[in-house]
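Each protein sequence line maps, in turn, to chains A and B.
For the first sequence, my numbering assigns the number 1 to the initial residue and increments by one for each residue that follows.
For the second sequence, my numbering assigns the number 1 to the initial residue and increments by one for each residue that follows.
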Amino acid sequence: MNRLISILYWVSLGAVLSFITLPLIVVVAASLSPTSAVTLQPWEWTGRWYADLWSSRWLDPFLASFRIATVVAAISGVLGLFAAYAVVYERIPGSDGLMSYLLSPLSVPQIVKGVAIVLFLSMIGLQGFLGTPALIAAHVVLALPFVTRMVATSLANFDANLDRAAQILGANKLQRIRLVVLPMIKPGVLSGVTFAFIISFNNIPLSVFLVRPGDSTLPITVINYLEYSLDPVLAAVNVASMAFILTVIFLFEKIGGFSAQLHGGSK
Amino acid sequence: MNALDIELVSVSKSYASMAVVRDIDLAIPQGEFVSILGPSGCGKTTTLNMIAGFTAPSRGDIRIKGRSQVRVPPERRNIGLVFQNYALFPHMTVTENVAFGLKMKGVRREEAAATVKSALRSVHLEGMGERYPRELSGGQQQRVALARAIAPRPSVLLLDEPLSNLDLKLREAMRIELKEIQQQLGMTFVYVTHDQEEAMAMSDRVVVMWQGAIAQQGQPADLYREPNSRFVADFIGKSNILAVQTTATGQAHLELRVGEGVILKARNTEPSAEVRYCSIRPESIAVLPPGAGGDEFANRLDGTVRRVVNLGAAFEIDADLGSDVHLHVLLRATRASVPPKLGDSIRLGIDDADIQALSA
């Protein structure tokens, strides 16, 4: 019986993992394909599509996405921190309602949000904001619920006695926030910021309404390119941006020292 | 008389219409070890939080060294506090934890380092400074919490059930150590606990709280010998508490009737109040040898042994005196003694001074 359960466990685990990874493997294989058709012949693989990436056609959108995602991560990190602080830590009046409001963007489909933002901007005569400023604003709206939620969770898990201990030892409010609260919730803030960065960097449904021709983000450039041609350079773009995102996650983990914070072992 | 360190003047605290602390008056002299003792929900933790400043009293005044503290926030009260769950900063080393209060006070770095060292020495944690709290055992964390609280030299140290998360052996060792540290520092300790043994073992004075008010306060021995209510008699140590009726009142003595026919002679300690109960400590009851008179005892009672429990150092005997009156007797085990057996007849002797008459 136990044996059967164990076999079922490994089989289902394998199925789930391959379900997740197989598409990625296909993309990686496609990016190495020797012809413009996607083939699976490992002995003829080539890296020449990756060389094509080093051109302004792909580099410019990448840098645009990177810039936007960085600003979005910073802004939504700060705003989310403030919001969660007010709602969870200070328990300002109407906290529960405020939290629901802060999370409400999650319930609106991104396409609807995109259309709404375009209509709103043209209604108040700010079409000039389309492009980078509008993208940043829209992505912040999109990312803020995630950041707020993550910071709120780590604040809720914060032991209020630590705050009291610091207070009775003579720390005023600012000192307590700086020396005790912030270090304790740092992992939550950093994962929120990482999320915001990835949400912004990968976004299509919102961005598609807000980019300006010639000033496009990476995912939108990929979509546009796809409309006219399907060749392995797209696969190469995707593999490269995937590697980039993984690097970002890895770096934030390092800075956050998540494992050192949460589990045993010294820094 | 020493200067008063802490004064509570008719302090009350209510939440909505619930009175949690009712009209507490308490004066704690400099250098005293005071325990606030009571069952959970008696208001002792609320009282502690009001002294620390985390909770504002609804009425009354709290003074530290003569100055009213009601409008002073906790960070400016110069009080130390040891938490039940220690509340060590997990992202700081032991040294950083202990130095925190000194840093907040703006103590110079070299001076702070020396103070941290001596604080760690006084709790026997030399050489542990570079570790993180999670790398320490519960007892060691407890010591760090203590060192952190005493390092800035507060005028008063509050301790909120600091030993309750430790195992029994360690708890007993820490009792002695805490008392020693307190005496070395000459610091006023206010120790909140629900464990009467702990309170008795360490305190100069015990304040028993019940239902938000002070039931009784005094030196541990006095509380034990002369409880003023059933609650205190029962909460501190073990006691036989009997409902009684006064059958005769003399200047110095009372005659109390228990149940149908058992008559006890007691000293009249509360001449004004109506006596309704009495408390007799099990170890103050003597088991008289069969046949012997026991004339030195004011009370001689005959009964039957209903149960004998061997506690090792003593035997706990349940003696049935008839008409539904039972007494628990603690008989010290000696090499020669033969404990009475179930069903044996037994004669008990109780000194009149050992019967504490109670009005409530």
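Ideal placement from N, C-alpha and C gives every residue a C-beta, glycine not left out.
What you are looking at is a predicted structure, and each value in this text was computed from that prediction instead of being measured.
Boundaries (first-last residue) of the alpha helix (DSSP H) holding residue i
| i | result |
| --- | --- |
| B/K179 | L168 to L185 |
| B/G349 | Taken as a continuous stretch (DSSP letters only), B/G349 belongs to no alpha helix (DSSP H), being part of the beta strand (DSSP E) at S345 to I350. |
| A/M184 | L182 to N202 |
| B/N299 | Counting along the chain, B/N299 falls outside any alpha helix (DSSP H), though it belongs to the beta strand (DSSP E) covering N299 to N310. |
| A/P219 | L218 to Y228 |
| A/A210 | For clarity, residue 210 of chain A is Leu in the given sequence; the question names Ala instead. Start and end: S207 to L210. |
| A/V248 | P232 to G256 |
Residue interval of the beta strand (DSSP E) (run including residue i)
| i | result |
| --- | --- |
| B/V10 | Here residue 10 of chain B turns out to be Ser, not Val, going by the sequence shown. Where B/S10 is concerned, the enclosing beta strand (DSSP E) stretches over L4 to Y15. |
| B/V244 | N240 to T249 |
| B/Q216 | A213 to G218 |
| A/P61 | Looking at the DSSP string, A/P61 is not in any beta strand (DSSP E); the run it does join, the alpha helix (DSSP H), is S56 to A84. |
| B/K265 | V262 to R267 |
| B/L146 | Taken as a continuous stretch (DSSP letters only), B/L146 belongs to no beta strand (DSSP E), being part of the alpha helix (DSSP H) at G138 to I150. |
| B/L327 | H326 to R332 |
| B/Y277 | Y277 to I280 |
| B/P29 | M18 to P29 |
| B/M209 | R205 to W210 |
| B/D320 | A314 to D320 |
| B/L37 | F33 to L37 |
Residue i at chain A interface by Cβ criterion, 9 angstroms
| i | result |
| --- | --- |
| B/M1 | With a pLDDT of 46 at B/M1, under the threshold of 50, the modelled position of this residue cannot be trusted, and the question is left open. |
| B/E75 | yes |
| B/A119 | no |
| B/A16 | no |
| B/G129 | no |
| B/G138 | no |
| B/P57 | no |
| B/D352 | no |
| B/F189 | no |
| B/L380 | The structure shown has nothing for residue 380 of chain B, since chain B only spans 1 to 360. |
| B/L88 | yes |
| B/P227 | no |
| B/P162 | no |
| B/I6 | no |
| B/G212 | no |
Chain B within 9 angstroms of residue i, Cβ atoms only
| i | result |
| --- | --- |
| A/V189 | no |
| A/V151 | no |
| A/L53 | no |
| A/G256 | no |
| A/A165 | yes |
| A/I177 | no |
| A/I168 | yes |
| A/M1 | no |
| A/N224 | no |
| A/N203 | no |
| A/S159 | For the sequence presented, residue 159 of chain A should be read as Asp rather than Ser. So, interface residue. |
| A/A156 | no |
| A/L162 | yes |
| A/G264 | Model confidence at A/G264 stands at a pLDDT of 37, short of 50, so the residue's coordinates are unreliable; what they give is reported in the following sentence. Answer yes: the Cβ-Cβ gap between A/G264 and chain B drops below 9 angstroms somewhere. |
| A/P93 | no |
| A/G238 | According to the sequence as given, residue 238 of chain A is Asn; it is not Gly. Closer than 9 angstroms: no. |
| A/S259 | Caution applies to A/S259, whose pLDDT of 47 falls short of 50 and renders its modelled position unreliable; the value that the coordinates give is listed next. No, A/S259 lies away from the interface with chain B (no Cβ there is under 9 angstroms from its Cβ). |
| A/P213 | no |
C-beta neighbour in chain C for residue i, strict 9 angstroms
| i | result |
| --- | --- |
| B/A149 | Within the model displayed, chain C is absent; protein chains A and B are what it includes. |
Contact test: residue i Cβ vs the ligand PLP heavy atom, cutoff 8 angstroms
| i | result |
| --- | --- |
| B/R306 | Looking for the ligand PLP in the displayed structure turns up nothing, as the structure carries no ligands at all. |
**Asked** Using 8 angstroms as the threshold, is the stretch 322-336 of chain B in touch with the stretch 283-292 of chain B, meaning 3 or more CB pairs across them?
**Response** Segment contact: the stretch 322-336 of chain B against the stretch 283-292 of chain B, three or more CB-CB distances shorter than 8 angstroms; contact assigned.
**Message:** Any contact between the stretch 194-208 of chain A and the stretch 124-140 of chain B? By contact I mean 3 or more CB pairs, one from each, below 8 angstroms.
**Reply:** The stretch 194-208 of chain A is not in contact with the stretch 124-140 of chain B.
**Request:** Kindly confirm or deny that the stretch 177-185 of chain A and the stretch 121-133 of chain A touch, where touching means at least three C-beta pairs closer than 8 angstroms.
**Result:** Short answer: they don't touch.
**Asked** At a Cβ cut of 7 angstroms, what residues of the stretch 95-111 of chain B count as close to chain A, listed as they run along the chain?
**Response** Taking 7 angstroms as the upper bound on Cβ-Cβ separation, chain A lies near residues F100, G101, M104 and K105 of the stretch 95-111 of chain B.
**Asked** If we count Cβ pairs, one from each stretch, closer than 8 angstroms, do we get three or more for the stretch 206-222 of chain B versus the stretch 171-179 of chain B?
**Response** Look at the beta carbons and you see the stretch 206-222 of chain B not touching the stretch 171-179 of chain B: under three pairs across the two are nearer than 8 angstroms.
**Request:** Let me know the alpha helix (DSSP H) ranges lying completely inside the stretch 75-118 of chain B, each 4 residues or longer, listed in chain order.
**Result:** Along the stretch 75-118 of chain B, the alpha helix (DSSP H) occurs as fully enclosed runs of 4 or more residues at 94-104, listed in sequence order.
**Message:** What are the residues in the stretch 31-54 of chain B lying within 7 angstroms of chain A by C-beta distance?
**Reply:** A52 and F54: these are the residues of the stretch 31-54 of chain B whose beta carbon lies less than 7 angstroms from some beta carbon of chain A, given in chain order.
**Request:** Check whether the stretch 74-86 of chain B touches the stretch 27-34 of chain B, counting contact only when three or more Cβ pairs, one atom from each stretch, lie closer than 8 angstroms.
**Result:** With a cut-off of 8 angstroms, the stretch 27-34 of chain B and the stretch 74-86 of chain B do not count as touching, because too few Cβ pairs lie within range.
**Every unbroken alpha helix (DSSP H) inside the stretch 119-177 of chain A [4 residues or more]** = Segments of the alpha helix (DSSP H) lying fully in the stretch 119-177 of chain A: 132-156, 160-168 and 173-176.
**Asked** In chain order, which continuous runs of the alpha helix (DSSP H) of length 4 or greater are located wholly inside the stretch 1-44 of chain A?
**Response** The qualifying runs are 2-31.
**Request:** Tell me, please, whether the stretch 187-198 of chain A touches the stretch 68-79 of chain A by the rule of three or more beta-carbon pairs shorter than 8 angstroms.
**Result:** Because the criterion of three Cβ pairs below 8 angstroms is met, the stretch 187-198 of chain A and the stretch 68-79 of chain A touch.
**Request:** Specify whether the stretch 216-234 of chain A and the stretch 43-60 of chain A touch according to this definition: at least 3 beta carbon pairs, one from each stretch, less than 8 angstroms apart.
**Result:** Per the Cβ contact rule, the stretch 216-234 of chain A is in contact with the stretch 43-60 of chain A (3 or more Cβ pairs under 8 angstroms).
**Message:** Check whether the stretch 203-218 of chain A and the stretch 62-71 of chain A touch, using three or more Cβ-Cβ pairs below 8 angstroms as the test.
**Reply:** Pairwise C-beta distances place the stretch 203-218 of chain A in contact with the stretch 62-71 of chain A, as three or more of them are shorter than 8 angstroms.
**Asked** Is the number of C-beta pairs between the stretch 231-243 of chain B and the stretch 52-70 of chain B that are closer than 8 angstroms three or more?
**Response** As far as the Cβ criterion goes, the stretch 231-243 of chain B does not touch the stretch 52-70 of chain B, which means the pair count is below three.
**Prompt:** Is the number of C-beta pairs between the stretch 92-108 of chain A and the stretch 158-171 of chain A that are closer than 8 angstroms three or more?
**Reply:** Contact between the stretch 92-108 of chain A and the stretch 158-171 of chain A is absent, because fewer than three Cβ pairs lie under 8 angstroms.
**Request:** For the stretch 64-74 of chain B and the stretch 133-150 of chain B, state whether three or more C-beta atom pairs, one from each stretch, are separated by less than 8 angstroms.
**Result:** Segments in contact, no.
**Request:** Flag this pair as touching only if the stretch 110-124 of chain B and the stretch 155-165 of chain B have three or more C-beta atom pairs under 8 angstroms; answer yes or no.
**Result:** With a cut-off of 8 angstroms, the stretch 155-165 of chain B and the stretch 110-124 of chain B do not count as touching, because too few Cβ pairs lie within range.
**Item:** Stretch pair the stretch 177-195 of chain B + the stretch 151-158 of chain B: three plus CB contacts closer than 8 angstroms
**Value:** The stretch 177-195 of chain B is in contact with the stretch 151-158 of chain B.
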